[in-house]
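Heads up: the structure comes next, in structure tokens.
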Amino acid sequence: MPADGPPGFHLLAKPSGSTCNIDCTYCFFLSKESLYPNDRHRMSQATLEAYLRQLLESHRTPQVTVAWQGGEPTLMKLDFFRRAVELVEQFRQPGQTVQHTFQTNGLLLDDEWCAFFKEHGFLVGLSVDGPRELHDTYRVDRRGQGTFDLVMRGWRFLRKHEVDFNILCTVNAANQQHGRTVYRFFRDELGAKWVQFIPIIERATEQTIQIANKGWSEQAGKKRLLYTQTGNRVTERTVGAEQYGRFLVDIFEEWVRHDVGQVYVQLFDVTLEAFFGRHLLCIHAPTCGYGPALEHNGDLYSCDHFVEPDYKLGNIHQTHMLELVASARQRQFGQDKRDTLTAQCRDCKVLNWCNGGCPKDRFALSRDGEPGHNYLCPGLELFFTHTGPTFNVMVQLLRQRRPPADVMAWVAEQDAKGGAYRPCPCGSGRKFRFCHGDKTPVSPFSGVGPDTAAQRGTGISGTGSEAVDPAFL
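Numbering (the working numbering), first residue to last: 24 to 496.
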């Protein structure tokens with residue numbers, strides 16, 4: 024075991040590889056099947072055992088996360104995860120506690136799955152892109168049909184069994200103009216207490232952009248295009264750079280008035296932590312490299328976003344996982360995040376919170392024409408600049424040993440001083456009264472279905488964030 028290895032890391036395991044039972048148009052990970060041609064894309068019992076034994080051996084921290092992702096992990100069937108739970112108990116070190124997380128599209132969830140999740144304390148991430156009309160734009164099955172109804176069926180099973188769950192929502196060209204509507208749908212219709220927003224950014228070259236715009240699934244008579252982090256073009260589904268920031272601001276202005284301490288938005292939590300010098304999310308940390316991805320056959324890659332040949336570290340059947348994570352090559356991968364910042368980034372007033380964003384998105388030119396600048400820079404700068412003063416108030420509250428939720432009273436005072444007909448602080452150009460001052464707007468989109476009202480009061484009422492341990496609970 025290397026003595027200089029990290030005390031812990033967050034590995035994403037993909038037991039079914041990139042195989043999925045739906046065909047989301049923007050999901051470039053579908054193309055990763057071409058890395059393993061003529062393969063079943065199913066993790067063997069030997070690889071499962073090696074993975075869990077090495078993962079638990081590698082951690083010197085009391086809390087270990089076992090993160091299951093895909094593709095679609097429910098394709099592995101429930102007995103696979105029953106065995107995983109048994110192996111965790113077998114290999115768990117003295118004093119270690121283990122949290123299983125499980126990202127799913129929800130289509131295969133039923134009573135048996137959800138009873139298992141509840142029994143073993145799994146935190147389940149459910150992929151939803153908003154109300155039906157927004158979700159079904161890109162999250163489709165192999166016939167091109169929307170998956171919203173089937174996802175809501177899975178959501179109802181989660182609620183029925185009181186499984187801790189969060190929502191993972193991509194921000195894309197279809198929903199980027201509807202931040203507040205999307206957020207209110209999750210909060211009011213789905214009862215979500217923890218939400219994560221992921222920007223869709225699909226890169227392409229001049230040679231591949233037309234193919235990329237058609238999606239990443241197999242096309243009849245054509246060889247599948249392997250997605251790699253190359254090119255400075257983006258697909259039609261990609262979120263607009265500035266619009267991503269406006270989407271986040273739209274949600275922040277709703278959240279800071281009504282939901283602080285009740286709903287946990289990942290980026291808001293980690294931004295507040297960054298004011299205290301703690302960087303809990305790799306994307307906005309100074310360096311990275313502690314989020315490797317494990318494929319179904321034991322191949323370990325530098326990052327979930329870099330599952331491609333140039334970033335393969337090795338295989339856990341030949342080299343212990345910790346040696347790969349602690350290797351000079353992987354350390355360099357993580358340090359490059361800091362060392363390759365453009366001059367514009369290094370001089371930026373929000374650098375301490377942004378830290379240049381994710382390296383996968385650094386394919387734009389800076390204002391000075393320097394390559395390697397983050398595509399999302401306009402949106403990230405907008406978000407951190409806009410929210411910074413309010414986060415500063417929350418920091419002051421914490422230093423006074425007061426709950427951050429007290430910021431809502433401060434915001435209410437500012438709203439009262441400004442008046443209902445001033446320009447809304449979100450920057451929409453509308454009057455506050457008709458924007459974030461409107462407490463009961465009518466959504467232009469449909470809800471989860473005719474039984475929505477009956478479902479609202481029957482599920483989780485306050486447990487959705489317990490397994491996440493939000494920073495400022």
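All C-beta atoms in this analysis are idealised placements derived from N, C-alpha and C, irrespective of residue type, glycine included.
query                                                                                                                : result
Cβ-Cβ separation, G268 to L405 (assumed contact under 8 Å), whole Å                                                  : 3 Å
Alpha carbon of S41 to alpha carbon of Q355, nearest angstrom                                                        : 27 Å
W91 - partner residues in DSSP beta bridges                                                                          : A36, F125
Within the stretch 64-114, ranges of the beta strand (DSSP E) (whole runs, at least 3 residues)                      : 86-91
Buried or exposed by the 16-neighbour rule on C-beta atoms within 10 Å, applied to G94                               : buried
Separation of E142 from I221, as counted between CA atoms                                                            : 29 Å
Member of R422, S451, F455 whose CA lies at the smallest distance from the CA of V434                                : F455
Reference M99, options T261, R179, R83, L131, closest by Cα                                                          : L131
Separation of P427 from H123, as counted between CA atoms                                                            : 28 Å
C-alpha distance - Q119 paired with L248, whole-angstrom precision                                                   : 42 Å
Q266, buried or exposed, once every other Cβ within 10 Å from all chains shown has been counted against 16           : buried
Straight-line gap, N236 to F208 (C-alpha atoms, nearest Å)                                                           : 28 Å
Pairwise C-alpha distance: E276 and Y250                                                                             : 36 Å
Every unbroken beta strand (DSSP E) within the stretch 242-279, with a cutoff of 3 residues, ordered by chain        : none
Whole-Å CB distance - N195 paired with Y49, under 8 Å assumed                                                        : 6 Å
Per DSSP, the bridge partner or partners of V194                                                                     : P222
Counterpart residues of G169 in DSSP-defined beta bridges                                                            : V163
The beta strand (DSSP E) enclosing L323, as first and last residue numbers                                           : 322-324
Spatial distance of L347 from L146 (CA atoms)                                                                        : 27 Å
Paired residues, beta bridge with L149 - DSSP                                                                        : T127, I190
Neighbourhood of R83 by C-beta distance below 8 Å, restricted to the same chain and skipping five residues each side : P30, G31
Whole-Å CB distance - V286 paired with V218, under 8 Å assumed                                                       : 7 Å
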